[in-house]
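Colleague: Reminder that position 882 of the sequence shown reads as 882 in full-length UniProt numbering, one-by-one numbering, no gaps.
Note that the Cβ used here is the ideal one computed from N, Cα and C, for glycine as well.
The structure presented is a predicted model; accordingly, all values stated were derived computationally and were not measured.
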Amino acid sequence: MQVVVVNIAAIVRVFWFYLALILFCSFVGTLLLQPSQAFNVDVKGAQVYTGPADGQFGYSIQQFSNSKGQWLLVGSPWSGAPQNRIGDVYKCPVTGTQQTCDKLNLGDVMTVPNVTEVKQNMNVGLTLLRNEKSGGFLTCGPLWAQKCGSHYYPVGMCSEIDSSFKLSRTFLPALQSCGSFIDIVIVLDGSNSIWPWDPVQNFLTELVSSLDIGPGKAQVGVVQYAETARFEFKLSDHKTKAEAVKASARVSQMLGSETNTAHGIRFARNQAFSLDNGRRKGATKVLVVVTDGESHDSGILPSEIAACETERIIRFGIAVLGYYNRVGIDTSNLIKEIKSIASEPKEKHFFNVSSEGALLEIASALGERIFSIEGTSNKNEDTFLLEMAEVGFSAHYTPKQSLLILGAVGAYDWSGTIVHQSSDETTIFTKKIFASVLQDRNDSSYLGYALTSLVSADSVFYVAGAPRFQHTGQIIVYTVGSNGEVTIKQKQKGEQLGSYFGSVLCSVDVNRDSLTDILLVGSPTFMGEQKNEEGRVYMFSVNEGILTKQGDLEGPTRSGNTRFGASIAVISDINLDGYNDIAVGAPLENDNRGAVYIYSGHKTTIQPKSTQKILASEVDTNLKYFGLSIDGQMDMDSDGITDLSVGSIGRVVQLWSRSIVNVSVTMAFTPEKLSIFDKNCMVNGKSQICARFNVCFKATFKPDTRVSSVNIRYKATLDGDLLSLHVISRGLFEENHDRLIQKDITLDSVSKCDEHKFYVQDTRDIVNPIGLRLDLALQNVDIGPVLDANTPRSRESFVSFTSHFIPFSKECGEDEECITDLVIKAHPAIALSSKNKQLTIDVKVSNKKENAYNTKVFVQFSSNLYFASSVLVSGTFCSYSFMEKTSVTCDVGHPVLRQGAEVNIFGLWGNPLPPYVCTALNVFFYICRDTNLNFYEIDSGKQAVTTITTFDDIGPEYMITLKVNTGHFPINVATVTVEIPVTTKGNNHLLYLTDVKTNQVRLYSILN
């Protein structure tokens, strides 16, 4: 009977061998290593500047240059604390001998004429931005406030400072108009039912005191009525507030038995608001009616109200319920009538008080309502909604335009908006422009908290962050057409409540072609699994203003409060590889000391794994919240490399970048392959397989003007590559009989080479190539250039540089694929008697085709036999496990069973049972073979996807032939069962049965 099967173990090994062969072939011969990422920000020798911690010195930072040298500009938005928080900007000289910072006192010069300013908490330096075009810089005090009457409006102020630290210009896009014309006529009910009169007089005096009265501002007139109406004083009578307050205090009650409210309104409309009695053209007309009863002339009241509406007189109605409450009259009709007098919306223009004494309580609120009219008198409906705008909370200069974008987070009840400020025009976007994407039910999205722009070949797209949008945060991408029309291009929403997604934005031109490649979005209060504010930075690719999420930057590995992403800054190609890089601050990491992570740019993206982590404790033990602010656009010490500046509270740090050495390495083995049949040298009196490798180094420096040589240390390790699991190296260096050698060498631009010899010990593994790992390190890591490396440093400060491989020659033809044909024959003598209790098995293994490596024969037998001994030929040995007493394993022709070779194994078994116990003895033998024994590690967490579609994809077919003969004794029935593994426990395919052929036997079935 012949059974043809395919050995799946061989298939798996062949498949991995093909894969390994491809990898190995890419390294055969000479290997030239590619340049890699650098670790070149030095944490030693940093220049540290100190400032007032209570003034938040270090909150913002910008590198700056002018004719006097290099500077650090440092924002201190609470400068002046605790008395005030005016804020300021400091200049810290980087060049020269001075190590202290000078205060610019910008709060003194940032001022606006003819405006009542409130600077106590304006926070100058909260926003600080270098102006590349003008050579100066911008700073803002978003809490600068103006006083309008008794009200304070923090509308925000920004100023541009020139390169000599002098004020260039100041602008306040949301400045309120406190001096708009407004004529106010107060109509008082003086009838008998008003009692007592003193509270009414006090109310009048308090109300007049709350108004901003003066030339070009408000005017006040008072009319009193009962049956008739009269002037107490006219609009033109008093030019100052003091005069109007004195006149109000002299008003006495006229008394009368009727309340002709309609007549009083007509008198005010026709007489008090006449030009002859002081009304000013263009002034807003406001009428305040105070009464305690329903009118006796209510029939004409509707027509008077309509006339006021036609003449655009804004009306406030105040119902005093004292008389009705005292005599027990229902107040509903009175309230209804006074509400009809009040303008829309009624809730803003109607008041009612329970008594005359309660009038004083509403005087201030009424004055505020009237003043709100002052703020909107001559402007559009959104002006008053900018009273808390805080313009300048954020700022951004667009790279292609002379345009400054400013964030106004407090606008429109903290919904926020954006201001576009050019040299000759200011555009403040109204609330309705972003209403559809903000969907603010309770406002407070803080739109404009962070700003940036995205540049394409033909367009500029603007990005604004709204970190409190629906508590998760959102960013909005928009464009502005030539006609000023705003189009929302896209929006991206945060993932977690309270994460402040969009509070930090950074657009990156990675490949330095002036077009935006990446947008980074900070979410610094994003919480991890342990409910700590770990922070997160999202990365989006950019294509014509459309954002596509590319993943996250890998930040702190340990759980804890870090606020990773609190600051993000572009670094101008700090490792000199032609791509811009990124720095990200984590100011709460390491117990609030802080840290900064550096990420390298590559092509049009940012590598998600950091190339360097700078801990505050490595720089200065006194630092706190290191990474609060970052800048890295300039070469501060004129050495040709961008330097990094980092802010912390009370201190700022100037870190210096080190030059970079790129070490090119070439390696070659002689011979290129190891042959187990060619033991070409003697080591300790024993023939061994020997080879040598030649390694050449050449140093290239960036920039090439700083240094010309570098001292490095290299370490070569045999069988030390990451792909190998050899605990004991198969190869040893001849010079020290160890797997590792280490040597110091000085490199420059001229190639320098070393040669080392090694030998291969006897090994069972001659299928996998021997790897040689080469590690490089600086001899002195504290001075000179740093190595340009692509993997993290080891504990010994070596850089894991490369692995090179030398394979064993298989001697299986040019393709080095061994197609074997193993034949196994077994001849047992199964006759047992009382005189012969031993069983002899003759196993013959032959190889009819190409070399077979690590061939094994497994013999299994029943438990009523025990293994006694074996007779072996050279290169063959058998092992027997006392734990598993029913099997024997024999290595055949170790390490290789060559083509045409034949090996005989004679085994002797015994039967321990007495012959009279049984008359029949069933003996079972399981004989199989295996070749090319390899071990592979598979990651259980990853899924391997098969690409096999035909049998040819698997590899060469393996053929197994079984032959059964009857021997010397007749046998009625002989059954041969062949079992083969089809799948693993995880249902992964192991074996594919391609064909079964039989001769002179019956095939019963093939079962899966």
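(1) Is any beta-carbon of chain B found at less than 8 angstroms from that of residue 606?
(2) When the Cα atoms are used, what is the spatial distance from residue 1024 to residue 367?
(3) Can you have a look at residue 509 and say buried or exposed, based on whether 16 or more other CB atoms are within 10 angstroms of its CB?
(4) Just to confirm, does residue 988 get its C-beta within under 7 angstroms of one of the non-hydrogen atoms of the ligand NAD?
(5) Residue 699 and residue 663 look like a contact to me (Cβ under 8 angstroms); what is the Cβ gap, rounded to whole Å?
(6) Could you tell me the distance, in whole angstroms, from the CA atom of residue 783 to the CA atom of residue 564?
(7) When the distance is taken between beta carbons, is residue 822 closer than 8 angstroms to residue 851?
(8) So who's on the other strand from residue 803, going by DSSP bridges?
(9) Taking all protein chains shown into account, decide if residue 936 is buried (16 or more other Cβ within 10 angstroms of its Cβ) or exposed.
(10) Which term fits residue 997, buried or exposed, when burial requires 16 or more other beta carbons within 10 angstroms of its beta carbon?
(11) Tell me which residues share the same chain as residue 722 and place their Cβ nearer than 6 angstroms to its Cβ, disregarding the 5 neighbours each side in the sequence.
(12) If you drop the 5 nearest sequence neighbours on each side, which residues of the same chain put their C-beta closer than 8 angstroms to that of residue 308?
(13) Where are the alpha helix (DSSP H) runs, 4 residues long or more, that stay fully inside the stretch 108-171, in chain order?
(14) Sorted by chain position, which residues of the same chain lie with C-beta nearer than 7 angstroms to residue 1002's C-beta, five sequence neighbours on each side aside?
(15) Mind reading off the beta-carbon distance from residue 125 to residue 59? Whole number of angstroms is fine, and I expect it under 8 angstroms.
(16) With a cut-off of 8 angstroms on the beta carbons, I'd call residue 537 and residue 519 a contact; round off their distance for me.
(17) Pairs of beta-carbons, one from the stretch 160-177 and one from the stretch 185-196, closer than 8 angstroms: are there three or more?
(18) Helix, strand or coil: which one does DSSP assign to residue 44?
(19) Taking the alpha-carbon positions, what's the residue 302 to residue 220 distance?
(20) In three-state DSSP terms, what is residue 681?
(21) Flag this pair as yes or no: are the beta carbons of residue 206 and residue 360 separated by less than 8 angstroms?
(22) Could you say which of 201, 752, 183, 385 lies nearest to residue 280 if we only look at CA atoms?
(23) Output yes or no for whether 8 angstroms exceeds the beta carbon distance between residue 472 and residue 499.
(24) Do you know whose CA, among 656, 623, 632, 648, lies nearest residue 639's CA?
(25) Given 8 angstroms as the limit, is there contact between the stretch 664-681 and the stretch 640-654, that is, 3 or more CB pairs closer than that?
(26) Which residue marks the beginning of the alpha helix (DSSP H) containing residue 202, and which one marks its end?
(27) Run through DSSP, which three-state label would residue 826 get?
(28) With DSSP as the reference, please indicate the residues paired to residue 878 in a beta bridge.
(29) Give me the residue from 975, 957, 954 with the minimum Cα distance to residue 963.
(30) Please check the pair residue 772 and residue 718, which I expect to be a contact at CB under 8 angstroms, by giving their CB distance rounded to whole angstroms.
(31) Would you identify the three-state DSSP class for residue 98, choosing helix, strand or coil?
(32) Using the DSSP secondary-structure output, state which residues sit across from residue 662 in a beta bridge.
(33) Using the Cα positions of residue 995 and residue 849, report the straight-line distance between them to the nearest angstrom.
(34) Suppose you measure from the CA of residue 923 to the CA of residue 863; what does that come to, to the nearest Å?
(35) With DSSP as the reference, label residue 263 as helix, strand or coil.
(36) So, does the stretch 675-684 touch the stretch 64-81, judging by three or more C-beta pairs under 8 angstroms?
Modeller: For this structure:
(1) This model lacks chain B altogether, as it is built from one protein chain only.
(2) Nothing about residue 1024 can be reported from this structure: the residues present for the chain run from 1 to 1008 only.
(3) Along the sequence shown, one-based indexing puts residue 509 at 509. Buried is the call here.
(4) The ligand NAD is not part of this structure, which contains no ligands at all.
(5) Within the sequence shown, numbered from 1, the residue matching residue 699 stands at position 699. Within the sequence shown, numbered from 1, the residue matching residue 663 stands at position 663. Between the beta-carbon of residue 699 and that of residue 663 there is about 6 angstroms, and that keeps the pair under the 8 angstroms contact cut.
(6) In the sequence shown, counting from the first residue as 1, residue 783 sits at position 783. In the sequence shown, counting from the first residue as 1, residue 564 sits at position 564. Taking C-alpha positions only, residue 783 is separated from residue 564 by approximately 30 angstroms.
(7) Counting from 1 along the sequence shown, the entry for residue 851 is found at position 851. Counting from 1 along the sequence shown, the entry for residue 822 is found at position 822. Going by beta carbons, residue 851 and residue 822 fall outside the 8 angstroms limit.
(8) Here the question's residue 803 lines up with position 803 in the sequence shown. Residue 803 is bridged by DSSP to 773.
(9) Taking the sequence shown and counting its residues from 1, the one referred to as residue 936 is at position 936. Because the pLDDT of residue 936 is 49, which lies under 50, any placement of that residue in the model is unreliable, and the number read from its coordinates should be weighed accordingly. That one is exposed.
(10) The residue given as residue 997 occupies position 997 in the sequence shown. Counting Cβ neighbours within 10 Å, residue 997 comes out exposed, since fewer than 16 surround it.
(11) The count along the sequence shown starts at 1 and reaches residue 722 at position 722. Bear in mind that a pLDDT of 47 at residue 722, under 50, signals an unreliable position, so the number given afterwards is only what the model happens to contain. Taking residue 722 as the centre and dropping the five residues before and after it, the same chain places no C-beta closer than 6 angstroms to its C-beta.
(12) The sequence position of residue 308 within the sequence shown is 308, counting from 1. If we look at residue 308 and ignore the five residues flanking it on each side, its Cβ neighbours are 265, 269, 287, 315.
(13) For the stretch 108-171, not one full-length alpha helix (DSSP H) segment reaches 4 residues or more.
(14) One-based indexing of the sequence shown puts residue 1002 at position 1002. Exclusion of the five residues before and after residue 1002 leaves no residue of its chain whose Cβ lies closer than 7 angstroms to its Cβ.
(15) By 1-based counting over the sequence shown, the position of residue 125 is 125. By 1-based counting over the sequence shown, the position of residue 59 is 59. Your pair residue 125 and residue 59 checks out as a contact, with CB atoms roughly 7 angstroms apart and the cut at 8 angstroms.
(16) Taking the first residue of the sequence shown as position 1, residue 537 is located at position 537. Taking the first residue of the sequence shown as position 1, residue 519 is located at position 519. The beta carbons of residue 537 and residue 519 sit about 11 angstroms from each other, so the pair does not count as a contact at 8 angstroms.
(17) By the Cβ criterion, the stretch 160-177 is not in contact with the stretch 185-196, since fewer than three pairs of Cβ atoms, one from each stretch, lie closer than 8 angstroms.
(18) Within the sequence shown, the letter at position 44 stands for residue 44. If DSSP states are grouped into helix, strand and coil, residue 44 belongs with the strands.
(19) The sequence position of residue 302 within the sequence shown is 302, counting from 1. The sequence position of residue 220 within the sequence shown is 220, counting from 1. Near 25 angstroms, if we compare the C-alpha coordinates of residue 220 and residue 302.
(20) Position 681 of the sequence shown, counted from the first residue, corresponds to residue 681. Of the three classes helix, strand and coil, the one that applies to residue 681 here is strand, per DSSP.
(21) In the sequence shown, residue 206 corresponds to position 206, counting from 1. In the sequence shown, residue 360 corresponds to position 360, counting from 1. Yes, these two residues count as a Cβ contact at 8 angstroms.
(22) Position 280 of the sequence shown holds residue 280. Residue 183 is the option with its Cα nearest to residue 280.
(23) As a position in the sequence shown, residue 472 is number 472, starting the count at 1. As a position in the sequence shown, residue 499 is number 499, starting the count at 1. In this structure, residue 472 lies near residue 499, with their beta-carbon atoms less than 8 angstroms apart.
(24) For the purposes of this step, residue 639 is taken as residue 639 along the sequence shown, with counting starting at 1. Comparing Cα positions, the closest option is 656.
(25) With fewer than three CB-CB distances shorter than 8 angstroms, the stretch 664-681 does not count as touching the stretch 640-654.
(26) As a working mapping, residue 202 is identified with position 202 in the sequence shown. Run containing residue 202: 198-209, per the alpha helix (DSSP H) assignment.
(27) Taking the first residue of the sequence shown as position 1, residue 826 is located at position 826. In the three-state scheme derived from DSSP, where H, G and I count as helix and E and B as strand, residue 826 is classed as strand.
(28) One-based indexing of the sequence shown puts residue 878 at position 878. Paired residue(s): 890.
(29) Residue mapping note: residue 963 aligns to position 963 of the sequence shown, counting from 1. When the alpha-carbon of residue 963 is set against those of 975, 957, 954, the nearest one is in 975.
(30) In the sequence shown, residue 772 corresponds to position 772, counting from 1. In the sequence shown, residue 718 corresponds to position 718, counting from 1. The C-beta distance from residue 772 to residue 718 rounds to 6 angstroms, short enough to fall under 8 angstroms.
(31) The sequence position of residue 98 within the sequence shown is 98, counting from 1. Three-state DSSP puts residue 98 in coil, outside helix and strand.
(32) As a working note, residue 662 is residue 662 in the sequence shown. DSSP output for residue 662 lists 700 as bridge partner(s).
(33) As a working mapping, residue 995 is identified with position 995 in the sequence shown. As a working mapping, residue 849 is identified with position 849 in the sequence shown. The alpha-carbon atoms of residue 995 and residue 849 are separated by roughly 21 angstroms.
(34) Residue 923 sits at position 923 when you count from the first residue of the sequence shown. Residue 863 sits at position 863 when you count from the first residue of the sequence shown. Low confidence applies here, because residue 923 scores a pLDDT of 47, under 50, leaving its location unreliable and the question unanswered by this model.
(35) In the sequence shown, residue 263 corresponds to position 263, counting from 1. Here residue 263 sits in helix by DSSP.
(36) As far as the Cβ criterion goes, the stretch 675-684 does not touch the stretch 64-81, which means the pair count is below three.
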